[in-house]
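Order-wise, the sequence lines are chains F and P.
Just so you know, we're using the numbering used here here: the first sequence kicks off at 1 and counts up by one.
Just so you know, we're using the numbering used here here: the second sequence kicks off at 314 and counts up by one.
A virtual CB, placed ideally from N, CA and C, is assigned to each residue, including glycine.
Since the model is a prediction, treat every value here as computed from it, not as a measurement.
What follows is a single structure, written as structure tokens, with notes after it.
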Amino acid sequence: MEFFDILFTASFWVAAIRIASPLIFATMGELICERAGVLNLGIEGIMVAGAFAGWVTVYAGGDLWTGVAVAALVGAAFGLVHATLTEPFGLSQHVVGIGITLLATSLTYFTYRIVLPQVSSPPRIEPFRNWAVPYLSDIPVVGPALFNQTPLTYLAFVTVAVVAWVLYRTPLGLAVRAAGENPSAVEAQGLSVTGIRMGAVMAGSALMAVGGAFLTMSAFNSFFFEMVNGRGWICIALVVFGSWRPGKALVGALLFAAFDAYQIRLQQVAGGIVPYQAFLMMPYLLSIVALVLVARRASYPRALMIPYQKGER
Amino acid sequence: MRLEPKPRPSKIALILYPLGAVAATLLIASLLVMAAGASPLSVFGLVIKGAAGSQFALLETLTRATPLIFTGLAVAVAFRARLWNIGAEAQLYVGGIVTVVLGTGLLPLPAPILIPVIMLATILAGGLVLLGPAILKTRFGVDEVVTTLLLNFVVLLFVSMLLEGVLKDPMGLGWPQSQMVSTDARLPRIVEGRRLHYGFVIALVAAFAVWFVMKKTALGYEMRAVGVNAEAARFAGIPVNAVLMKTALISGGLAALGGFSEVAGLKGNLTLDLSSGFGYTGIVVAMLAMLNPLGVVAAAIFVAGIFVGADAMSRAAGVPSYIAEVMVATALLTMVTAIMLSRYKVRWR
């Protein structure tokens, strides 16, 4: 059976991990925001902005890690706008989030046109190269998939560990989680809910932007319109699927990416019979199915989407 | 800082703050125009001239406003009941599909019968597209924001599949486009030689109908009650889930009518660029109108004017036309802020 042979090729697993990497960054970003009580629908646009910011920095002569840092800063800046409007101002997180996505996307396209007025195909940069971990990368199948990737992919996995450690093992993480569960208790401790939430949204948005930058600086080597293509929305589904836990969300992202890599290869096997669009639809449909499966027993942060007003209960 | 509701928002504040939002939007746009190396005043002059400087410009603006009225109404209705329909884009395309399927010779009916039949089928199909997420929300507790957003991508791929498959125009030289709908299924032009079509009139009728339903009927009252506080509405005996279903059918139907209007009135066939983000822009239109159905018409014309004007300006002054999208997104954020500030008092400490 050709359909199963795909699962035993190293290239399939390499692709799955590569597809998962930007999702991991952005999912961790969204997870931080939501654990603090803020739904960040700006994710899609912030990923677009991050993809462009990282790429254009390198295009202008910066080195790759500077590009990643600039992308993170741009993401944090959009996060600051989002957090200011949703937290102290208490505006609808739905509306502000969509607004941030529209703003970040259009600002990116506008800037792109100013930087490159008359370019039909965007110039390429030298992206991150694969860095093989000595010895480990020689293991069959697992080696190339896990230990011969770009540094940004390794960073994605490190990010999950750091986010999990901070959330569950540090006072800061406790404060973030409490801000999303029981903000009054945080205020009673003398901490500022608004401050914690704003910080979480900025940090989360920075991670989303790095996820976007992965696309232009590691997965591909240039920026083009529509390149984020709904990945941000999928990450929102992944956070729910992962029950707002970093480890589970990582598993979700990996499963999703494996499925995505599988459908790409399936197109080559079964492409003659089934239209390719049917395969491209599957990731989105899968996300919806996954949401339906977990939604009933999802225990979302209790203060999610409720702006905190001091002195109110 | 904390916010305190003003007991009686002053009339002046209700006018001054939105004006401030417009000023802030223009200020940000000016900075971008200067970054592009042009002078803001001349650029804004060109935008206004391009949007309303001639009969041609004005009719183009109204033509562009037509789909935005439909999607704006769809969003306004849904948001009023706190059904977060971010999928107007998908519903609009489904309306386009239905129009093309029924309008290319499947139903050999004369225009006065064919067009209403297509419109009804369109409304039903669009409604059903949103009914899915609404049922997932009420039965399974799945957030409709994510499902409607994801469905936008599914439906667009579905359209692509149809346009390269069963709906492909055999005479289309390989382009992914459908056949033209028959002349009986076309909406006539309002002004000879201009693109403005009777879809605009249908949009105005729809806006009035939605206003009537929202303000004057029991259903409208129930929808608003569910939007203000679903728990309280349930306690008061309002069948919240049933109201949400009806809201979904109306909202999806309105967005789909936008697809019908674009195909039957403007384009004549279905392509993958039927909509340039009308579904998402509809959210901005609805918010600028503060979810008021009649305000949606004004907001849609305003937003359409920015787009049409920016296109003309871009050709003349060389500032990227994406400035229109930036202005529209900025206007959304500044306007919701302004509306909040006009109703609440900000206390520092």
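Candidates F:ALA303, F:ILE32, F:ALA16 and F:ALA15: which alpha carbon is nearest TRP165 (chain F)'s? F:ILE32
Which partner residues does HIS510 (chain P) have in the DSSP bridge list? P:ARG502
Which same chain residues, not among the five before or five after ALA599 (chain P), have their C-beta less than 7 Å away from its C-beta? GLY385, VAL388, ALA389, PHE392 and VAL609
Rounded separation between TYR90 (chain F) and GLY37 (chain F) - CA only: For the record, residue 90 (chain F) in the displayed sequence is Gly; it is not Tyr. If I take the Cα positions, the gap works out to 12 Å.
Assuming GLY485 (chain P) and ALA577 (chain P) form a contact by the criterion Cβ under 8 Å, report the distance between their Cβ atoms to the nearest whole angstrom. Their Cβ separation, rounded to whole angstroms, is 19 Å, which puts GLY485 (chain P) and ALA577 (chain P) out of contact at 8 Å.
According to DSSP, is VAL659 (chain P) helix, strand or coil? strand
What residue range is occupied by the uninterrupted alpha helix (DSSP H) comprising GLU477 (chain P)? No alpha helix (DSSP H) holds GLU477 (chain P); DSSP gives it neither H nor E.
Just the chain P side, please: which residues come within less than 9 Å of GLY90 (chain F) by C-beta, in chain order? LEU316, MET653 and TYR657
Name the two residues that bound the continuous alpha helix (DSSP H) containing ARG393 (chain P). 368 to 393
Own chain, CB closer than 7 Å to LEU654 (chain P), minus 5 neighbours either side, in chain order: TYR330
Return no unless some Cβ of chain P is closer than 8 Å to the Cβ of TRP233 (chain F). yes
Assigned exposure category for VAL458 (chain P) - 16 Cβ within 10 Å defines buried: buried
Whose Cβ in chain P lies nearer than 7 Å to the Cβ of VAL292 (chain F)? LEU449, PHE453 and VAL455
Between GLU30 (chain F) and ILE17 (chain F), which are expected to be in contact by the criterion C-beta below 8 Å, what is the C-beta distance as a whole number of angstroms? With a Cβ gap of about 20 Å, GLU30 (chain F) and ILE17 (chain F) do not count as contacting.
Bounding residues of the alpha helix (DSSP H) (the contiguous stretch that carries PRO318 (chain P)): PRO318 (chain P) -> not in any alpha helix (DSSP H); beta strand (DSSP E) instead, spanning 315 to 318.
What distance in whole Å lies between the Cβ atoms of PHE256 (chain F) and GLN267 (chain F), which are believed to be in contact at a cut-off of 8 Å? In fact, because the Cβ distance is near 17 Å, the residues do not count as touching under 8 Å.
How big is the Cα-Cα spacing for GLY571 (chain P) and PHE383 (chain P)? 5 Å
Give every residue of the same chain whose Cβ lies closer than 7 Å to the Cβ of ALA424 (chain P), excluding the five residues on either side of it in the sequence, and list them in chain order. ASP497
Classify ARG313 (chain F): buried if its beta carbon has 16 or more other beta carbons within 10 angstroms, exposed otherwise. Legend: pLDDT at ARG313 (chain F) = 47, less than 50; position of this residue unreliable, no value from coordinates given.
So, at 8 Å on beta carbons, what are the nonlocal neighbours of ILE551 (chain P) in its own chain, with the 5 sequence-adjacent residues on each side left out? GLU535, ALA538 and VAL539
Where PRO275 (chain F) meets chain P, residues with beta-carbon distance less than 8 Å: MET474, GLU477 and GLY478
How many Å lie between VAL269 (chain F) and VAL186 (chain F) at the Cα? 55 Å
What is the DSSP secondary structure of THR643 (chain P), reduced to helix, strand or coil? helix
In this structure, does DSSP put ALA132 (chain F) in helix, strand or coil? strand
Check whether the Cβ of MET208 (chain F) lies closer than 8 Å to any Cβ atom in chain P. no
So, helix, strand or coil for THR150 (chain F), using DSSP? coil
Grab the span of the alpha helix (DSSP H) containing TYR308 (chain F) for me, first residue to last. Note, TYR308 (chain F): premise wrong, no alpha helix (DSSP H); not H, not E.
LEU396 (chain P) CB to nearest chain F CB: under 8 Å? no
For ILE652 (chain P), which of helix, strand or coil comes out of DSSP? helix
Cβ-based neighbour list, PRO489 (chain P), same chain, cut-off 8 Å, excluding 5 preceding and 5 following: SER473, LEU476, GLU477, LYS481, THR584 and LEU585
Relative to the C-alpha of LEU587 (chain P), which candidate in P:SER574, P:GLY595, P:ILE596 and P:VAL597 has its C-alpha closest? P:SER574
Where does ARG313 (chain F) sit, in a helix, a strand or coil, going by DSSP? Any reading at ARG313 (chain F) is ruled out, since the residue's pLDDT is 47, under 50, leaving its predicted position unreliable.
Taking contact to mean at least 3 C-beta pairs separated by less than 8 Å, is the stretch 65 to 84 of chain F in contact with the stretch 210 to 220 of chain F? yes
CYS235 (chain F) beta carbon less than 8 Å from that of LEU41 (chain F): no
Look up THR584 (chain P) in the DSSP assignment and say whether it is helix, strand or coil. strand
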